[in-house]
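Enquirer: The opening position of the sequence shown corresponds to residue 3 in the working numbering, with each subsequent residue numbered one higher.
Here a beta-carbon is modelled for each residue, glycine too, at the ideal position from N, C-alpha and C.
Model, not experiment: these values are computed from the prediction.
After the structure tokens below, expect a handful of questions from me.
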Amino acid sequence: MIWLGVVSHWVLDFVSHRPDMPLYPGGPRLGLGLWNSTLATVVVEALMYAIGVWIYLRITRAKDGIGKWGLLSFVVVLAVLYVANIFSPPPPSVKMMVIVAIPLTWLLILWTWWADRHREVR
Numbered sequence: 003m004i005w006l007g008v009v010s011h012w013v014l015d016f017v018s019h020r021p022d023m024p025l026y027p028g029g030p031r032l033g034l035g036l037w038n039s040t041l042a043t044v045v046v047e048a049l050m051y052a053i054g055v056w057i058y059l060r061i062t063r064a065k066d067g068i069g070k071w072g073l074l075s076f077v078v079v080l081a082v083l084y085v086a087n088i089f090s091p092p093p094p095s096v097k098m099m100v101i102v103a104i105p106l107t108w109l110l111i112l113w114t115w116w117a118d119r120h121r122e123v124r
């Protein structure tokens with residue numbers, strides 16, 4: 003299953019990145035360069051996010067309140083973090099970014115795991 007995550011991530015990055023992503027080591031570098039347009043990037047990434055949430059909601063159902071509200075709050079927090087990332091100034095340093103990003107990433111991973119444990123395949 004890990005390969006599926008890697009391949010799907012590559013495909014999603016292919017849409018956003020400039021031609022800097024090799025299909026295989028030493029191969030031609032590919033990318034559509036969407037991030038050259040901030041508006042287009044935001045629209046396409048928001049659409050991809052919404053479609054991903056929609057697919058997940060279609061194939062799973064909540065077993066209890068945590069499965070419903072835990073997931074909903076996670077989806078909202080991720081959207082808020084995305085918007086904040088767009089409009090916030092850059093971090094003051096790489097060190098500060100790491101100090102915030104590492105614990106936040108683990109918090110989001112645990113939150114996802116927790117909410118997903120309270121959902122089941124339809």
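Secondary structure at L34, three-state DSSP: helix, strand or coil?
Expert: Numbered from 1 along the sequence shown, position 32 holds the residue referred to as residue 34. Of the three classes helix, strand and coil, the one that applies to L34 here is coil, per DSSP.
Enquirer: Can you give me the start and stop residues for the beta strand (DSSP E) that R121 sits inside?
Expert: One-based indexing of the sequence shown puts residue 121 at position 119. Its beta strand (DSSP E) spans residues R121 to V123.
Enquirer: Assign R20 to buried or exposed, taking buried as 16 or more other Cβ atoms, counted over all protein chains shown, within 10 Å of its Cβ.
Expert: Stepping through the sequence shown from its first residue, residue 20 is reached at position 18. With fewer than 16 Cβ atoms within 10 Å of its Cβ, R20 is classed as exposed.
Enquirer: With the cut-off set at 8 Å, would you say G54 and A117 are in Cβ contact?
Expert: As a first step, residue 54 is located in the sequence shown; it is residue number 52 there, counting from the start. As a first step, residue 117 is located in the sequence shown; it is residue number 115 there, counting from the start. No, these two residues do not count as a Cβ contact at 8 Å.
Enquirer: State whether the segment 34-52 contacts the segment 5-22, with contact taken as three or more CB pairs (one from each stretch) at a distance under 8 Å.
Expert: Because the criterion of three Cβ pairs below 8 Å is met, the segment 34-52 and the segment 5-22 touch.
Enquirer: At what residue ranges does the segment 21-74 contain a whole run of the alpha helix (DSSP H), taking only runs of 4 or more?
Expert: Fully enclosed alpha helix (DSSP H) runs of 4 or longer: 40-61.
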